[in-house]
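A.B. asks: Sharing a structure below in structure tokens format, with a few things to ask.
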Amino acid sequence: MAAGSSPSPSPSPSGSTAVTVPTLQDAQESATNAASWVEQNWSTWLAIGLRVLLILVIAAVLRAAVQRAITKLIDRMTRTAEAVDGTSLGGLLVNNERRRQRSQAIGSVLRSVASFVILGTAALMVLGAFQINLAPLLASAGVAGVAIGFGARNLVTDFLSGVFMILEDQYGVGDTIDAGVASGEVIEVGLRVTKLRGASGEIWYVRNGEVKRIGNLSQGWATAGVDVTVKADEDLDRLKATLDEVAEKMSAEEPWNELLWSPIEVLGLDSVLLDSMVVRVSAKTMPGKSLAVERELRWRIKRAFDAANIRIVGGATAAEDEAEAADPTAAVAAPSALSNPDSAQSAAASPIGAQRSAPK
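Okay, here's the thing in structure tokens:
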């Protein structure tokens, strides 16, 4: 700076910036742009909205129609099963309460599956209507499905087995079944697990996928069979008359007259041995009551045989009779010549050293 020159004034900083206030012309321009954009895209929005609405309406109508068809199908199955009640053994297979529970279970499963399929398909179509790329979603769902399928294959097997068990009415609550892995009374039937109560009161949880065979002891009728073993020299006519008398009296008394669904029959000789013969007695009973009928029948046969002086043989009784008839002296050994030390046989059997050292 040259000497004597006056200093130049420094610029003063501005204290605040100026705020731009939108004018009416700017607002009008923005509104015009928005209206132009809406005018250009309203047809697309309307088409998407109508497509989504149409998809939802079709899905709702289809779901209602399928559920109604399933309900009618279940009702027709129930009426068909009720028509079988007029046959000889048709009414013994299922009762009304069990049929109602089975119909409700089948209908619930079918309706749930139908709703899942219809609503899932509708959801994918709605996403497709919004121009969303479904390829990654479907690929991820496929990979997840494969992983779940490998990890939960036992669960899927149990579920499908339970569905077919219910559809085929293999057993129901209150039935006594033999499932192979466990046996007992069915107290709960599920799509994955069947709950059984064993003879000792224990509860078995049996996976439906593990059941390879099922023996239902509560459908139709059961057979009570009793084998009576007597001596081979018994009078067959007196034996048959005694058994017929027992069968007639038991069939006329309560509650056995309700549990027996056929007359007690003496089928005849089941086997004949040298010292015994087996007579077979059989009858059809109410399902699950065969053991009680067999116990009562054995009780009555034993009392009738005791009154008629007919001996029942076999097992411990036959062994005891043989022991009583045996000779008491049979177990005593015969005297031996070797027991006498002075006999020639005893001397011949003695060691050589002992013979030389023996005094003459």
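In the numbering used here, the protein residues as written are -19 to 340. Backbone N, C-alpha and C define an ideal beta-carbon position, used for all residues, glycine too. A quick note: this is a predicted structure, and the numbers were derived from the prediction, not measured.
Closer than 8 Å is the cut-off here; do at least three beta carbon pairs connect the region 102 to 118 with the region 141 to 161?
C.D. replies: No, the region 102 to 118 is not in contact with the region 141 to 161.
A.B. asks: According to DSSP, what are the bridge partners of T203?
C.D. replies: The partner list for T203 (beta bridge, DSSP) reads K264.
A.B. asks: Note the first and the last residue of the continuous alpha helix (DSSP H) segment covering W236.
C.D. replies: Start and end: W236 to L239.
A.B. asks: Could you pull the start and end residues of the beta strand (DSSP E) that L254 belongs to?
C.D. replies: No beta strand (DSSP E) contains L254, which DSSP labels as neither H nor E.
A.B. asks: So, does the CB of I86 fall closer than 8 Å to a CB anywhere in chain B?
C.D. replies: Looking at the structure shown, chain B is missing, and only one protein chain is on hand.
A.B. asks: Determine the burial state of D138: buried for a count of at least 16 other Cβ atoms within 10 Å of its Cβ, exposed for fewer.
C.D. replies: With 16 or more other Cβ atoms within 10 Å, it is buried.
A.B. asks: Checking 8 Å against the spacing of the C-beta atoms, do V37 and V106 come in under that value?
C.D. replies: The answer is no: Cβ separation not under 8 Å.
A.B. asks: Please determine, among A227, G164, I28 and W241, the residue with the shortest C-alpha to C-alpha distance to A109.
C.D. replies: The shortest Cα separation from A109 among A227, G164, I28 and W241 belongs to I28.
A.B. asks: Which residues does DSSP list as the beta-bridge partners of S163?
C.D. replies: The partner list for S163 (beta bridge, DSSP) reads D158.
A.B. asks: Between L247 and V258, is the Cβ-Cβ spacing less than 8 Å?
C.D. replies: No. Outside cutoff.
A.B. asks: Which residues in the same chain as G125 place their Cβ atom closer than 8 Å to its Cβ, once the five residues preceding and following it in sequence are excluded?
C.D. replies: Nothing meets the Cβ criterion.
A.B. asks: What separation, rounded to the nearest whole angstrom, lies between the Cα atoms of K192 and I35?
C.D. replies: Distance between the alpha carbons of K192 and I35 is about 44 Å.
A.B. asks: Is DSSP giving R291 helix, strand or coil here?
C.D. replies: In this structure, R291 counts as coil in the three-state DSSP scheme.
A.B. asks: Rounded to whole angstroms, what is the Cα-Cα separation between V161 and G152?
C.D. replies: Taking the straight line joining both Cα atoms gives about 18 Å.
A.B. asks: Out of A212, G131 and T24, which has the shortest C-alpha to C-alpha gap to A254?
C.D. replies: It is Leu, not Ala, that sits at residue 254 in the sequence shown. Answer by Cα proximity: A212.
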